[in-house]
Structure formats: structure tokens, C-alpha cells
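For reference, the structure discussed in these notes is given below.
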Amino acid sequence: MIKVNNLKKCYSDKPVISDISFTISENGVYGFLGPNGAGKSTTMNIITGCLAATEGTVEIGGHDIVEEPEEAKRLIGYLPEQPPLYMDMTPREYLTFVAAARGVKKDEIKNQVERSMVLTGITPVRDRLIKHLSKGYKQRVGISETLLGDPKIIILDEPTGGLDPKQITEIRDLVRSLGKDHIILFSSHIMQEVQAISDHVMIIAKGRLLVSGRAEELERYLRKKPVLRIRTRTNRAAAEELLHSVTGIEEITFDGEEEGITAFHFTADDENGAAESVFLAFAGAKRSLISLEHESMTLEEAFLQLTSGLDTYAPDPQASSLKTPDPEEDEETAAVSGREEDGIHG
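For our numbering, count along the sequence shown from 1 and bump the result up by 88.
Set out below in C-alpha cells:
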């Protein structure tokens, strides 16, 4: 339904986004995650036809957004970061006006407006002036507008920006419910926001798409392997020999020695199993183990490390680009890359 191919946007020869490609084919909630200034809004504006790309193409339901703008835009409901509401109208008046402007048939306007207000929960305030509504209700009016004309795709740019915790929860619930019958593409710079409501996550930083996949698989990917740290009175050579004898640990690093105590850290596929095996190895060799600690990076820390270190970061070629994986790819890589049957591929 959405096919983005090699998008690039430059201002004064400086790229804002570079070579962004992805395809979304199934209903669901797709989170576009990245720091402020990452290129999220630019990409969304190009997808919706509000901004021309320097290079690349966008197809909506098989229609090129540049060559067939009317056909493509009929399939899209778009809410920019600042909803373009008419403050001196009521929600019902405003939505009726927008429905007519979008070409909804006259005998269908009332039903579509009523339906959109019910879906977004604004019926109780439908006859109050928009300027007197809370920010949460104003956001709901904006989302109601995106539903007019029965678009298949709803694009929301930072839909919870500036809302209080209660309003954020309400908008999240609304977005999740709409994802059952629509493709929802929304942007956010907050990891918890995307985790809370997304079926799929796409991470963008400095204009480049880094990784994409199902939310639960991306969490596992970003966290990487857990790190375990040990301190022992065993000398370096003997300790390294014991560690190398344990199955399932790798990347053993010597952290130093002080007052006869040596320190190491290493990664493991199964941190609990590895910890037990290391303990038993040292106990079996009658070697002291002063401490053994788990050190797992939080998802937020992993995200910040991934995005802030982009100048020197070299994306994993199997996980950083959106593509339909080869059948021989391992399960985790396939999930992170995004299988075609999961609704997102490239």
C-alpha cells in the first residue's frame, strides 16, 4: 500500500534524508522513531505529497504521489504535528467543511462526520468551539479529520506532542484501535511511545533508516547480548583458560588487575546459563570468584547509543536496511529486516 523507494531530500546540496526505502502492505501501527531533526517529518511530508523529493519515488496504493497525486492522496489521511484547525468553528462544523472540501458525496457527509466523531470520542464536545477545547480534544479533532473520505492510510506526525499523561494514554488507545482497520504510520522521538503502540518500528537518525522490524524483535536486537562481569583472585592466564573452557560465552575482555584481583567481562547468549557455568568452572578448579554481575543495556540506552553514534556507526548490512530476507537468513535477522508476510518489507 505504501512503497517508498530511495528517497533523498536536499536543501542547498545538504541532504536531510538519504536513500530511505520501505514498503508497508498490511494494516497495523507502524512507528517511525528517531531523535528530533532525524528526518521523520520530512519523510512524512514527501509521502503525503506536501513536499517534493530531490530523488526517489513514493507510491500509494500503486499510484505515484507525483504523477497521480489525486488518486494517491485519496488513500491518505494526514495529521501534521500542528493540526490545521479552524478555531472559531465547532468540531462538527469543521469536519463537515473538511468532508465537503475532500469531495465526500453530499449525502454521505453527515454519516462520515458522525462516525469519525464517535471513533475518536469527541461527540460530547462536537458543538463547542474548537478554541475552547483542551489540547487532547483538539488532537482528537485532527485525527477525526484524517478519517474523512475513508482513507486506507493514516499518517500522524508526533500525535501525542504536548499532551498530559492522561491525554497521551487516550491517544495511544485510539491509535491502537484505528490500526485494526487502517495502516497507521506515526512518528515519535520517544522510545516508550513507540514501544507502547507499535506493531512494527522503523528507526531513523540523521536522515538514514537504520533498522526496522516487529517491535518485540527490534527490542531484542537493540539490546544485543547481555554482558557479564567477574572479579577473581585467579591470575590472568588461569582465569582466561577457565573462561575459554565455558561453552556459550564469547568476546572475553581483560579489564585489568589490582591488588591481586583480576577483572574480565564477556558476552553470552544465555546469561543465566553462562553465569552458572562460569561459577561451576571456577568452583571445580578451586579458584575464587569474588563477584559475578549481569550488565544489561536498557532499550533506551541502546537506542541512544545507536542514534547518537551515527557519525561512526556502521549499520549491520543484514539488519539496517528494509528488505525481504533470503530464506537462509537466521530467524532474528529476518525479523529485524522485516518479512514480507509481516506487512513491511523493502
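Note that beta-carbon positions come from the ideal geometry of N, C-alpha and C, so glycine has one too.
If you're wondering where the values come from, they're calculated on a predicted model, not measured in any experiment.
Exercise for the section: Return the chain-ordered list of same chain residues with a C-beta closer than 6 Å to the C-beta of Pro-403, the five sequence neighbours on each side being excluded. Expected result: Counting from one through the sequence shown, the residue named residue 403 turns up at place 315. Any reading at Pro-403 is ruled out, since the residue's pLDDT is 40, under 50, leaving its predicted position unreliable.
Exercise for the section: Taking Val-263 and Leu-244 to be in contact with their CB atoms under 8 Å, please state how far apart those CB atoms are, rounded to whole angstroms. Expected result: The residue given as residue 263 occupies position 175 in the sequence shown. The residue given as residue 244 occupies position 156 in the sequence shown. Contact flag correct, Cβ pair sits at about 7 Å.
Handout entry: Same chain, Cβ closer than 8 Å to Asp-101, neighbours up to 5 away in sequence not counted
Key = As a working note, residue 101 is residue 13 in the sequence shown. Once the five neighbours on either side are set aside, Asp-101 has no close Cβ partner at all.
Handout entry: Own chain residues within Cβ distance below 7 Å of Ile-164, not counting five before or after
Key = Here residue 164 is taken as the residue at index 76 of the sequence shown, counted from 1. Excluding sequence neighbours, Ile-164 sits near Thr-136, Ile-148, Pro-239, Ile-241 and Ile-243.
Exercise for the section: Specify the secondary structure class of Tyr-401 as computed by DSSP and reduced to three states. Expected result: Residue numbering aside, residue 401 sits at position 313 when the sequence shown is read from its first letter. Low confidence applies here, because Tyr-401 scores a pLDDT of 36, under 50, leaving its location unreliable; read the following figure in that light. If DSSP states are grouped into helix, strand and coil, Tyr-401 belongs with coil.
Exercise for the section: Just the C-alpha distance for Gly-191 and Gly-237, rounded to the nearest angstrom, thanks. Expected result: Translated into positions along the sequence shown, residue 191 becomes position 103. Translated into positions along the sequence shown, residue 237 becomes position 149. Computed Cα separation, rounded: 8 Å.
Problem - Close Cβ partners of Tyr-401 (< 6 Å) along its chain, the five nearest in sequence each way excluded - result: Within the sequence shown, residue 401 is the residue found at index 313, counting from 1. At Tyr-401, the pLDDT of 36 sits below 50, so the modelled position is not reliable and the matter cannot be decided from this model.
Practice task
Please name the residue or residues paired with Phe-354 in a DSSP beta bridge.
Solution key: Taking the sequence shown and counting its residues from 1, one reaches residue 354 at position 266. In the DSSP output, where bridge partners are listed per residue, Phe-354 has Leu-316.
Practice task
Kindly list the residues whose CB is nearer than 7 Å to the CB of Ile-108, restricted to its own chain and excluding five residues on each side of it in sequence; keep chain order.
Solution key: Here residue 108 refers to the residue found at position 20 of the sequence shown. Excluding residues within five positions, the ones whose Cβ falls inside 7 Å are Val-92, Leu-95, Thr-131 and Leu-297.
Handout entry: For Val-315 and His-353, believed in contact at Cβ under 8 Å, the rounded distance
Key = Residue 353 sits at position 265 when you count from the first residue of the sequence shown. Residue 315 sits at position 227 when you count from the first residue of the sequence shown. Contact flag correct, Cβ pair sits at about 6 Å.
Problem - Simplified DSSP assignment, three categories, for Tyr-118 - result: Within the sequence shown, the letter at position 30 stands for residue 118. Three-state result, Tyr-118: strand.
Handout entry: Run of the alpha helix (DSSP H) containing Ser-232, from where it starts to where it stops
Key = Numbered from 1 along the sequence shown, position 144 holds the residue referred to as residue 232. Per DSSP, Ser-232 belongs to the alpha helix (DSSP H) from 223-235.
Exercise for the section: Kindly give me the distance between the Cβ atoms of Ile-292 and Lys-128, rounded to whole angstroms, as I take these residues to be in contact under 8 Å. Expected result: Against the sequence shown, residue 292 aligns to sequence position 204. Against the sequence shown, residue 128 aligns to sequence position 40. With a Cβ gap of about 6 Å, Ile-292 and Lys-128 count as contacting.
Exercise for the section: Look up Ser-333 in the DSSP assignment and say whether it is helix, strand or coil. Expected result: Start at 1 with the first residue of the sequence shown, and residue 333 comes out as number 245. Looking at Ser-333 - three-state DSSP - the assignment turns out to be coil, as it is neither helix nor strand.
Practice task
Count the other C-beta atoms from every protein chain shown that fall within 10 angstroms of the C-beta of Ala-373, then say buried if there are 16 or more, exposed otherwise.
Solution key: The residue labelled residue 373 in the question sits at position 285 within the sequence shown. Exposed, because fewer than 16 other Cβ atoms sit within 10 Å of the Cβ of Ala-373.
Handout entry: Extent of the continuous alpha helix (DSSP H) run through Ala-189
Key = For the purposes of this step, residue 189 is taken as residue 101 along the sequence shown, with counting starting at 1. Where Ala-189 is concerned, the enclosing alpha helix (DSSP H) stretches over 179-189.
Handout entry: C-alpha gap between Leu-368 and Arg-375, whole angstroms
Key = As a working note, residue 368 is residue 280 in the sequence shown. As a working note, residue 375 is residue 287 in the sequence shown. Looking at the two C-alpha atoms, the distance is approximately 10 Å.
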